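Counting along the sequence shown from 1, when you hit position 588 you're at 636 in my numbering, and nothing is skipped either side.
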Amino acid sequence: MAYKYLVIVESPTKAKTIEKYLGRNYKVVASKGHLRDLPKSRMGVDTENNYQPDYISIRGKGPIIKELKKYAKSAEKIFLASDPDREGEAIAWHLAFLLGLNPEDNIRVVYNEVTKTAVKEAIKNPRPINMDLVDSQQARRILDRLVGYSISPLLWKKVKKGLSAGRVQSVALKLIIKREEEINNFKPVESWSLDGTFQKDRSIFEASFYGRNKKKLVLNNESEANEILEQLKDNEFLVDDVVKKQQKRNPSAPFTTSSLQQEAGNKLNFRTRKTMMVAQQLYEGISLGREGSVGLITYMRTDSTRIAESAVNETHEFIVDQYGNEYARNKPRNDKASGSSQDAHEAIRPSSVLRKPEDIEQYLSKDQFKLYQLIWSRFVASQMTPAVFDTMRVDLTNGDIIFRANGSKEKFPGYRKVYVDSKKKDNMLPDLEVGDKVFSKDIIPNQHFTQPPARYSEATLIRALEENGVGRPSTYSPTIETIQRRYYVKLNAKRFEPTELGTIVHHVVEEYFPDIVDVSFTAGMEEDLDRVEEGQIEWVKVIDQFFQPFSEEVGKAEVEMEKIEIKDEPAGFDCELCGHPMVIKIGKFGKFYACSNFPECRNTKPIVKKINVTCPLCKKGEVIERKSKKKRIFYGCDRYPECEFVSWDKPIGRDCPKCEHFLVQKKVRGGMQVKCSHCDYEEEVQK
């Protein structure tokens, strides 16, 4: 079919969606991401000539480049419609080079949502390629290459082959290691509380010891707690003070990339990679039956909370229509972008608030529905009125000893009618007035110890990186993947722990390249790169200011850095092939058994975790813990492949009294429960 215009996007899914919107005069094809990049086999940056990059066509992309050139020859006009961010601008610039287009011509089109209106409007208003955006992306790429290709060879030579260091990943690793050090050095502090149940007439409520003589008092040990109990005259308390207030709680802003990754992790149990993959699907387009393919959300890589005026107005009308005037803000909310955000973007929001999640659920996968519902409800809530709570604080006195009770009750749900950000239960106190008498039923002393800071989860690590100004929306997910892939950290109960290898690499980099792991230095570098994007500073100057002292550090490290030997741990048994002792080595995917007689003997074995349960299928082997390709734990027989027993749930070594199949342990709300692997038999939940 003949066409006049060629539109090049990044994704084949998006190409299909957009081609339907534009009609027969347009041919829409996909570049499938970057087509040119720095070579993998060498630095590819000329440090003697203003850091000029030596870009080459990416291996395997030749057929795509050839196809795009063929389509370009037949088109009267070419539009470059890659994603609306730095990366997308750079892809458009590389495409312009490959196709012989002038970057200063109006060839670039950008849209924040893949909808018919947005795409058609973008095609009507093309612009030149924004070279400030291209330079910013190029500067990041070159900086990362200079760091990675300078430090990594040193790590290979002095520590171990296959290691790497990077600008953002080194800071992420540092945060995890420093948190682990805080946990190891933590000294718990003891304290005690006195928690009582009180009664007024037929109403029962709870209050805890606050202090004495109108002052707050901390009970440091059991003797101090017992002393207070001994000084209570009887069980009669007097209501000494009542404070009633009305509290408003405002809704959160709509999602940015990092807040979406955090909330999807907390509420949906999604990993960052999964969140971004599903969000990409929602952005590029989902087929909604007769309506065809529609992009359901705006662009998902953003650090702005700005909302288009048209979306604000549509949402205001929707809230009034669905929930009533009292739920719609008199002055619609529209957050301003933060200083470092790319304000060309909006927050992550539904492309149309009129597409309610329940109305399109049949067209979405389970994961797509969950994430769309989260984005839709957070956005709608952000444009609604605050929730209102009635709060009450009561002080009860017995002599000079004070117990305090706090209560609250939701008076008006406001935005919480759509989006509940925390499960706050009503805890209303009885109607109490100053001078009332109440009686304690029982007062129980409880011992407490301060807890060490929690290890980082994916969500809290992203928050820490964002708060420290390190990295940008597009870097969080790949950074987390990299430090896991290199086995610098491992996930234990969804929390990051540094490995021995990660700790060694961190200390080497910290000693010889302190700026690379310095949080404030890396954050300052991010700000300089943002200034390149805004046209305030030249990218070559930013890189030169960094590279001159850095290259001296590299030269010094090459001379002074001593070789670090990672000693193998004895495994405690001998190799069955040659009789030499087996040892524990650290590899790309973690620890494993290997023969100490390497390279003469290349025998290796995975390290398996036994759970001390005989295989319920063959009755000969032992059940061991294994991991799937997606790192999900499952259980199997150690005699595999002779025995093919597998189970997602952990066998416990007992048979069901009802059907004699094996029993398993499953996580349930509130604890663990033993269930039958075959029938409906189950035991009480163990908290």
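Note that CB positions come from ideal geometry on N, CA and C, so glycine has one too. Predicted, not measured: the structure shown is a model, and the values here were computed from it.
Task: Extent of the continuous alpha helix (DSSP H) run through H555 - done: Locating residue 555 in the sequence shown gives position 507, counting from the first residue. Element bounds for H555: 548–560.
Open item on the list: What does the alpha-carbon distance come out to for the pair I224 and A512?
Closed with: What you label residue 224 is simply residue 176 of the sequence shown in a count that begins at 1. What you label residue 512 is simply residue 464 of the sequence shown in a count that begins at 1. Rounded to whole angstroms, I224 to A512 spans 10 Å at the Cα level.
Task: At least three beta-carbon pairs within less than 8 Å, the stretch 114–134 to the stretch 49–64 - done: yes
TODO: Alpha carbon to alpha carbon, how far is D369 from Q186? Give it in angstroms, no decimals.
DONE: Looking up residue 186 in the sequence shown gives position 138. Looking up residue 369 in the sequence shown gives position 321. Between Q186 and D369, the C-alpha separation is close to 48 Å.
Open item on the list: If you reduce the DSSP assignment to three classes, tell me which class W240 lands in.
Closed with: Locating residue 240 in the sequence shown gives position 192, counting from the first residue. In the structure shown, W240 sits in a strand (DSSP, three-state: E or B).
Task: Chain-order list of residues whose beta-carbon lies under 8 Å from that of T508 (same chain, five-residue window excluded) - done: Along the sequence shown, one-based indexing puts residue 508 at 460. Once the five neighbours on either side are set aside, the close Cβ partners of T508 are Q310, A502.
TODO: Look at the alpha carbon of D268 and the alpha carbon of E238, and state the distance between them as a whole number of angstroms.
DONE: Here residue 268 corresponds to residue number 220 of the sequence shown, with the count starting at 1. Here residue 238 corresponds to residue number 190 of the sequence shown, with the count starting at 1. Position check: residue 268 holds Asn in this sequence, whereas Asp was assumed. Between N268 and E238, the C-alpha separation is close to 6 Å.
Open item on the list: By the three-class DSSP mapping on this structure, what secondary structure does E393 have?
Closed with: In the sequence shown, counting from the first residue as 1, residue 393 sits at position 345. As written in the sequence, residue 393 is His, which differs from the Glu given in the question. It is coil, neither helix nor strand.
Task: 8 Å contact criterion, which I334 and R397 should meet: CB distance rounded - done: Residue 334 sits at position 286 when you count from the first residue of the sequence shown. Residue 397 sits at position 349 when you count from the first residue of the sequence shown. Not quite, the Cβ-Cβ distance comes to about 16 Å (not below 8 Å), so this is no contact.
Task: Buried versus exposed, by CB contacts within 10 Å (16 or more), S389 - done: Taking the first residue of the sequence shown as position 1, residue 389 is located at position 341. Unreliable positioning characterises S389 in this predicted model, as indicated by a pLDDT of 44, which lies under 50. A coordinate reading is not provided.
TODO: Output the distance between the C-alpha atoms of N314 and V466, rounded to the nearest integer angstrom.
DONE: In the sequence shown, counting from the first residue as 1, residue 314 sits at position 266. In the sequence shown, counting from the first residue as 1, residue 466 sits at position 418. In a straight line, the C-alpha of N314 is about 18 Å away from that of V466.
Task: Inter-residue CB distance, E332 and T65 (contact presumed, cutoff 8 Å) - done: The count along the sequence shown starts at 1 and reaches residue 332 at position 284. The count along the sequence shown starts at 1 and reaches residue 65 at position 17. 6 Å between Cβ atoms; contact.
Task: Selected residue, minimal CA-CA separation from P201, among I190, L191, A213, D192 - done: To locate residue 201, count along the sequence shown from 1; it is residue 153. Among I190, L191, A213, D192, the Cα nearest to that of P201 is on A213.
Task: From V77, D448, F145, residue whose alpha carbon lies closest to that of G259 - done: Sequence index remark: in the sequence shown, residue 259 carries index 211 (1-based). Ranking V77, D448, F145 by Cα distance to G259 puts D448 first.
Task: Reduced DSSP secondary structure (H/G/I, E/B, other) of D153 - done: Position 105 of the sequence shown, counted from the start, is the residue given in the question as residue 153. Looking at D153 - three-state DSSP - the assignment turns out to be coil, as it is neither helix nor strand.
TODO: Determine the contact status of I231 and P546, defining contact as a CB-CB distance below 7 Å.
DONE: Here residue 231 corresponds to residue number 183 of the sequence shown, with the count starting at 1. Here residue 546 corresponds to residue number 498 of the sequence shown, with the count starting at 1. No, Cβ-Cβ distance for I231 and P546 is not below 7 Å.
Task: Selection from K80, D192, H628, K714 that minimises the alpha carbon distance to I700 - done: As a working note, residue 700 is residue 652 in the sequence shown. Checking every option, the nearest Cα to that of I700 belongs to K714.
Open item on the list: I'd like to confirm the pairing. Which residues does DSSP put opposite M630 in its beta bridges?
Closed with: Indexing the sequence shown from 1 puts residue 630 at position 582. Bridge partners of M630: C643.
- [ ] Check whether the Cβ atoms of E278 and F487 lie closer than 7 Å to each other.
- [x] Here residue 278 corresponds to residue number 230 of the sequence shown, with the count starting at 1. Here residue 487 corresponds to residue number 439 of the sequence shown, with the count starting at 1. Taking 7 Å as the Cβ cut-off, E278 and F487 do not qualify as a contacting pair.
Task: Neighbourhood of A140 by C-beta distance below 6 Å, restricted to the same chain and skipping five residues each side - done: Position 92 of the sequence shown, counted from the start, is the residue given in the question as residue 140. Cβ within range, chain order: L128, S130, R156, I177.
TODO: Taking 8 Å as the threshold, find out whether the stretch 550–570 comes into contact with the stretch 337–354 through three or more Cβ pairs.
DONE: no
Open item on the list: So within the stretch 654–719, which uninterrupted beta strand (DSSP E) runs reach at least 3 residues, ignoring any that extend past its ends?
Closed with: 657–662, 670–675, 681–685, 698–703, 710–716
Open item on the list: Tell me whether the stretch 610–624 and the stretch 578–587 touch, counting them as touching only if at least three CB pairs, one residue from each stretch, are closer than 8 Å.
Closed with: no
Task: Alpha-carbon to alpha-carbon, Q431 and F366 - done: Here residue 366 refers to the residue found at position 318 when the sequence shown is read from its first residue. Here residue 431 refers to the residue found at position 383 when the sequence shown is read from its first residue. One C-alpha to the other measures close to 10 Å.
Task: Selection from V588, N540, E600 that minimises the alpha carbon distance to D563 - done: Walking along the sequence shown from the start, residue 563 turns up at place 515. Measuring from the Cα of D563, the nearest candidate turns out to be E600.
TODO: Just mark C707 as buried or exposed, buried being the case when its beta carbon has 16 or more other beta carbons within 10 Å.
DONE: Taking the sequence shown and counting its residues from 1, one reaches residue 707 at position 659. C707 comes out exposed.
Open item on the list: Just verifying my parser: in three-state terms, what is the DSSP assignment at R90?
Closed with: For the purposes of this step, residue 90 is identified with residue 42 of the sequence shown, where counting begins at 1. Three-state DSSP puts R90 in coil, outside helix and strand.
Task: Selection from V590, T498, Q247 that minimises the alpha carbon distance to I491 - done: Walking along the sequence shown from the start, residue 491 turns up at place 443. Closest option to I491, Cα to Cα, is Q247.
- [ ] Determine the burial state of D133: buried for a count of at least 16 other Cβ atoms within 10 Å of its Cβ, exposed for fewer.
- [x] On the sequence shown, residue 133 is found 85 positions in, with the first residue counted as 1. D133 comes out buried.
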